[in-house]
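Counting in our numbering, the sequence shown runs from 207 upward without gaps. Beta carbons: idealized from backbone N, C-alpha and C, even for Gly. All values derive from a computational prediction rather than experimental measurement. Each remark here refers to the structure printed beneath this line.
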Amino acid sequence: MEKIDIIYEDQELLVVCKPAGVLVHPTPANEPDTVVAWFLAKFPETKNLSWPDATRAGIVHRLDKDTSGLMILAKNPEKLAELQAKFKERDVQKTYQALVVGKTPEKGTVEAAIVRDGQNDKQKVQETVYSFTKGTVRPAKTDYKTIKYFTFEDETLSLIECYPHTGRMHQIRVHMKYSGFPLIGDQFYSTKLSNKLSKDLNLDRQFLHAVKLEIDGKTFESQLASDLQTVLTKLS
207 MEKIDIIYED
217 QELLVVCKPA
227 GVLVHPTPAN
237 EPDTVVAWFL
247 AKFPETKNLS
257 WPDATRAGIV
267 HRLDKDTSGL
277 MILAKNPEKL
287 AELQAKFKER
297 DVQKTYQALV
307 VGKTPEKGTV
317 EAAIVRDGQN
327 DKQKVQETVY
337 SFTKGTVRPA
347 KTDYKTIKYF
357 TFEDETLSLI
367 ECYPHTGRMH
377 QIRVHMKYSG
387 FPLIGDQFYS
397 TKLSNKLSKD
407 LNLDRQFLHA
417 VKLEIDGKTF
427 ESQLASDLQT
437 VLTKLS
């Protein structure tokens with residue numbers, strides 16, 4: 207498993223930088239290399255605590271397997287409950303950077319409900335909700351602003367910062383694809399053009415990194431993962 211870096215630590219919580227390719231917690235396939243496994247090995251005294259779900263010990267919130275960046279972990283169940291409440295009440299500000307296909311506006315907001323799309327983990331925007339709509343429809347909102355434009359193979363790419371107000375599965379990826387700006391490298395929410403550009407940039411995971419977390423008056427920041435920095439270097 208790639209190295210998980212500790213950004214901040216005190217007696218009750220950790221802020222770490224998760225690399226791409228690492229699951230946050232095991233699935234029914236019982237994968238051994240997860241953030242949970244790393245956490246329990248790093249802090250063995252936490253193994254016997256009364257976690258509400260032992261398979262998610264310490265996990266306050268999730269990042270997709272192939273999304274890198276900042277995560278908060280709790281060292282005990284009481285702190286876990288407190289932090290999860292802050293996320294639920296939207297007292298935590300999260301900032302992501304993403305590289306998308308197309309020329310985004312200087313600022314934008316995507317407010318569109320998200321629902322599961324089929325039997326796998328894929329999600330989609332549900333534009334209209336009817337009484338017979340299948341699945342759980344979850345309201346979702348993402349603000350973003352453009353940092354920089356690039357030209358690659360006669361196409362415009364946009365480096366953006368995203369500020370999700372909600373925490374739906376794949377939210378930024380789904381919202382940006384819905385808006386016509388699919389993420390470079392995304393294997394799930396792609397178009398023919400984004401697939402071609404991703405391949406030519408040699409990136410096979412979504413260009414998405416959690417760069418900043420703000421909670422309880424503290425701000426934690428992380429530089430882009432090295433593979434994403436490599437892509438920007440190519441574009442520059």
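Distance CB(VAL298)-CB(GLU218) smaller than 8 angstroms = In this structure, GLU218 does not lie closer than 8 angstroms to VAL298 by Cβ.
Is there contact between the region 286-300 and the region 408-428, where contact requires at least three CB pairs shorter than 8 angstroms?
-> Touching, per the Cβ criterion.
Whole runs of the alpha helix (DSSP H) within the region 353-394, excluding any shorter than 4 residues | DSSP runs (the alpha helix (DSSP H)) wholly in the region 353-394: 377-384.
Opposite HIS415 in the DSSP bridges: which residues?
-> For HIS415, DSSP records a beta bridge to SER274, GLN303.
Enumerated in chain order, which unbroken segments of the alpha helix (DSSP H) with a length of 4 residues or greater are wholly contained in the region 213-242?
-> Fully enclosed alpha helix (DSSP H) runs of no fewer than 4 residues are not present anywhere in the region 213-242.
Would you kindly report the start and end of the unbroken alpha helix (DSSP H) that includes GLN435?
-> Taken as a continuous stretch (DSSP letters only), the alpha helix (DSSP H) holding GLN435 covers 432-441.
Burial state of LEU399 (16 or more Cβ within 10 Å) | Exposed, by the Cβ-count rule.
Verify whether the separation of the beta carbon atoms of LEU220 and LEU279 is less than 8 angstroms.
-> By the CB criterion at 8 angstroms, LEU220 and LEU279 fall inside the cutoff.
Should ILE378 and LEU414 be called a contact, given that it needs their Cβ atoms to be closer than 8 angstroms?
-> Yes, the Cβ-Cβ distance between ILE378 and LEU414 is below 8 angstroms.
PRO370, buried or exposed, once every other Cβ within 10 Å from all chains shown has been counted against 16 = Classification of PRO370: buried, given that the 10 Å Cβ count is 16 or more.
Taking only the alpha-carbon atoms, compute the straight-line gap between ILE210 and VAL222 and give it to the nearest angstrom.
-> When rounded, the distance between both Cα atoms is 7 angstroms.
Straight-line Cα distance separating GLU208 from ALA243 | Each residue's alpha carbon lies about 13 angstroms from the other.
Start and end of the alpha helix (DSSP H) containing GLN290?
-> Here the alpha helix (DSSP H) through GLN290 covers 283-294.
Enclosing beta strand (DSSP E) for LYS424 [first to last residue] | LYS424: member of the beta strand (DSSP E) spanning 424-427, first to last residue.
Quick check: the region 248-265 against the region 397-412, are there 3 or more CB pairs under 8 angstroms?
-> Note that the region 248-265 does not touch the region 397-412; fewer than 3 beta-carbon pairs, one per stretch, sit closer than 8 angstroms.
In terms of residue numbering, what span does the beta strand (DSSP E) encompassing LYS313 cover?
-> Residue range 313-317 is occupied by the beta strand (DSSP E) that includes LYS313.
Who pairs with SER280 in a beta bridge, going by DSSP?
-> The sequence given here places Ala at residue 280; Ser does not occur at that position. The partner list for ALA280 (beta bridge, DSSP) reads LEU219.
Roughly how many angstroms separate the alpha carbons of GLU367 and PRO388, rounded to a whole number?
-> Our two residues, GLU367 and PRO388, have alpha carbons roughly 14 angstroms apart in a direct line.
If we count Cβ pairs, one from each stretch, closer than 8 angstroms, do we get three or more for the region 314-321 versus the region 264-281?
-> The count of Cβ pairs closer than 8 angstroms, one atom from the region 314-321 and one from the region 264-281, stays below three, leaving the stretches out of contact.
Does DSSP put LYS351 in a helix, in a strand, or in coil?
-> Three-state result, LYS351: strand.
Could you spell out the range, first to last residue, of the beta strand (DSSP E) harbouring LYS330?
-> For LYS330, the enclosing beta strand (DSSP E) starts and ends at 329-331.
Helix, strand or coil for ARG344 per DSSP?
-> If DSSP states are grouped into helix, strand and coil, ARG344 belongs with the strands.
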